[in-house]
Amino acid sequence: MDWISPRSLKRLGMLNMNRRNVDYISRYNERSSYPLVDNKLKTKLVVAEYGVKTPKLLQIVRQQHEISHFREMAEDLEGFAIKPAKGSGGKGITVITGRDGDDYIKASGSRVDSSFLERHLTNILAGLYSLAGTPDVAIVENLVESAPSLAKYSHQGVPDIRIVVFQGYPVMAMLRLATTASDGKANLHQGAVGVGLDIGSGRSLNAVQFNRPITLHPDTGLALENIQIEAWDEMLEMASRCYEATGLGYMGVDLVVDANEGPLLLELNARPGLAIQMANGRGLLPRLRAIEALKRPHFTPLERSRFAMDTFASF
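First residue of the sequence shown? That's 1 in UniProt numbering, and the numbers climb one at a time after it.
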């Protein structure tokens with residue numbers, strides 16, 4: 001895999017945080033739309049109206065007395081995920097992948113009992129993981145089973161795909177792979193691996209961990225070149241549809257490829273990070289400017305995704 005230094009990235013149009021905040025987030029994102037993406041429950045409901053699939057919703061826990069209903073439901077489940085509706089950065093998410101008697105097996109392999117899960121739900125309701133520390137609701141979702149073609153590359157966590165969407169156009173993408181360092185979470189700041197993806201084909205480009213180039217996954221030892229994302233056309237169109245659903249001009253769209261359901265939306269982010277540029281070895285600015293310069297924007301998600309595939313494959 002080729003590597004481009006941070007200095008070279010700047011010359012190639014690397015977007016910095018100040019410019020992102022002023023020229024793109026503040027300019028293209030209406031603050032009135034933020035609640036749609038800062039609340040996972042609202043996100044699920046609004047994107048469903050635009051044909052974007054999300055993991056099946058099993059239960060919403062809004063009040064303390066509803067935890068008893070969760071206990072009854074969980075007894076019949078092998079796997080599920082508990083998420084705070086207003087959490088961020090993966091905080092407060094507990095993923096259960098199996099059962100052993102009365103114990104629940106977490107994605108990390110550790111065991112917890114029902115009282116642990118009930119305390120976790122109580123903490124979510126109290127706002128322990130919410131963006132502003134305000135009271136929250138808990139979402140219980142069906143367990144995502146990653147497609148085998150991607151699952152083998154990740155360590156103790158579901159790999160996901162982050163796509164930056166600008167004015168409805170998917171402009172840059174990366175695959176995020178969990179590691180021991182990231183504690184099974186697909187969070188680059190915590191040590192997950194970022195693999196840049198070619199918008200035109202969904203194939204891997206460069207890979208980084210802690211902003212340093214790598215060629216092998218640190219835990220699985222698998223080579224990170226020649227990875228191909230399944231249903232790539234469909235994923236780009238799904239990401240593009242989120243523009244109509246939210247009205248946000250600049251956002252991050254996080255998707256997974258489920259073994260049974262295909263592409264699913266995990267969440268949206270109105271303030272997507274910039275590490276995606278390091279993973280791709282390319283800056284965002286040239287692509288953003290190309291969209292801003294369009295005299296005749298494309299009106300449908302399919303048209304926009306196809307334009308992006310044709311245009312940014314060679315950027």
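Ideal Cβ positions, reconstructed from N, Cα and C, are used throughout, including at glycine.
Cβ-Cβ separation, residue j to residue i (assumed contact under 8 Å), whole Å
{"i": "Ala141", "j": "Leu58", "result": "Before going on, a small fix: residue 141 reads as Glu here, not Ala. Yes, Glu141 and Leu58 are in contact; Cβ-Cβ is about 6 Å, under 8 Å."}
{"i": "Leu236", "j": "Ser305", "result": "4 Å"}
{"i": "Ala147", "j": "Val257", "result": "4 Å"}
{"i": "Asn29", "j": "Gly168", "result": "Their Cβ separation, rounded to whole angstroms, is 13 Å, which puts Asn29 and Gly168 out of contact at 8 Å."}
{"i": "Leu265", "j": "Thr54", "result": "5 Å"}
{"i": "Gln64", "j": "Thr122", "result": "7 Å"}
{"i": "Val253", "j": "Ala239", "result": "4 Å"}
{"i": "Thr215", "j": "Ala207", "result": "7 Å"}
{"i": "Ile124", "j": "Asp136", "result": "5 Å"}
{"i": "Leu255", "j": "Pro263", "result": "6 Å"}
{"i": "Val37", "j": "Thr246", "result": "6 Å"}
{"i": "Thr43", "j": "Glu267", "result": "6 Å"}
Beta-carbon spacing of residue i, residue j below 9 Å
{"i": "Ile229", "j": "Leu175", "result": "yes"}
{"i": "Ala74", "j": "Tyr50", "result": "no"}
{"i": "Gly133", "j": "Asp310", "result": "no"}
{"i": "Gly13", "j": "Pro213", "result": "no"}
{"i": "Val164", "j": "Ile276", "result": "yes"}
{"i": "Phe116", "j": "Leu288", "result": "no"}
{"i": "Leu143", "j": "Thr97", "result": "yes"}
{"i": "Ala181", "j": "Gln156", "result": "no"}
{"i": "Ala308", "j": "Val171", "result": "yes"}
{"i": "Pro159", "j": "Tyr129", "result": "no"}
{"i": "Glu118", "j": "Ile60", "result": "no"}
{"i": "Ala186", "j": "Gly90", "result": "yes"}
{"i": "His120", "j": "Ile161", "result": "no"}
{"i": "Ala173", "j": "Gly202", "result": "yes"}
Residue range of the unbroken beta strand (DSSP E) whose run includes residue i
{"i": "Ala138", "result": "Ala138 to Asn142"}
{"i": "Asp310", "result": "Looking at the DSSP string, Asp310 is not in any beta strand (DSSP E); the run it does join, the alpha helix (DSSP H), is Pro301 to Phe312."}
{"i": "Tyr34", "result": "Per DSSP, Tyr34 belongs to no beta strand (DSSP E); it is in the alpha helix (DSSP H), Tyr34 to Asp38."}
{"i": "Thr94", "result": "Thr94 to Asp100"}
{"i": "Tyr104", "result": "Asp103 to Lys106"}
The alpha helix (DSSP H) enclosing residue i, as first and last residue numbers
{"i": "Gln277", "result": "Ile276 to Asn280"}
{"i": "Ile67", "result": "Ile67 to Ala74"}
{"i": "Asn123", "result": "Ser114 to Leu125"}
{"i": "Ile291", "result": "Leu285 to Glu292"}
Bridge-paired residues (DSSP) for residue i
{"i": "Gln59", "result": "Val140"}
{"i": "Thr54", "result": "Thr54 is not bridged to any residue."}
{"i": "Thr43", "result": "Answer by DSSP bridge pairing: none, since Thr43 is not bridged."}
{"i": "Lys83", "result": "Ile139"}
{"i": "Ser146", "result": "Asp258"}
{"i": "Ile25", "result": "BP columns for Ile25 are empty, so no partner."}
{"i": "Arg31", "result": "None, per the DSSP bridge assignment."}
Minimum Cβ-Cβ distance from residue i to chain D less than 9 Å
{"i": "Thr97", "result": "The structure shown contains no chain D, having only a single protein chain."}
heavy atom of the ligand ADP below 8 Å from residue i C-beta
{"i": "Asp113", "result": "Among the components modelled here there is no ligand, and therefore nothing to report on the ligand ADP."}
Ranges of the beta strand (DSSP E) found wholly within the segment 164 to 210, counting only runs of at least 3
If we require 3 residues or more, the beta strand (DSSP E) runs fully inside the segment 164 to 210 come out as 169 to 177, 193 to 197 and 204 to 209.
Quick check for students: name the residue ranges of the alpha helix (DSSP H) that lie wholly in the segment 201 to 269, counting only runs of 4 or more.
Taking only runs of at least 4 residues, the alpha helix (DSSP H) segments lying wholly in the segment 201 to 269 are 232 to 246.
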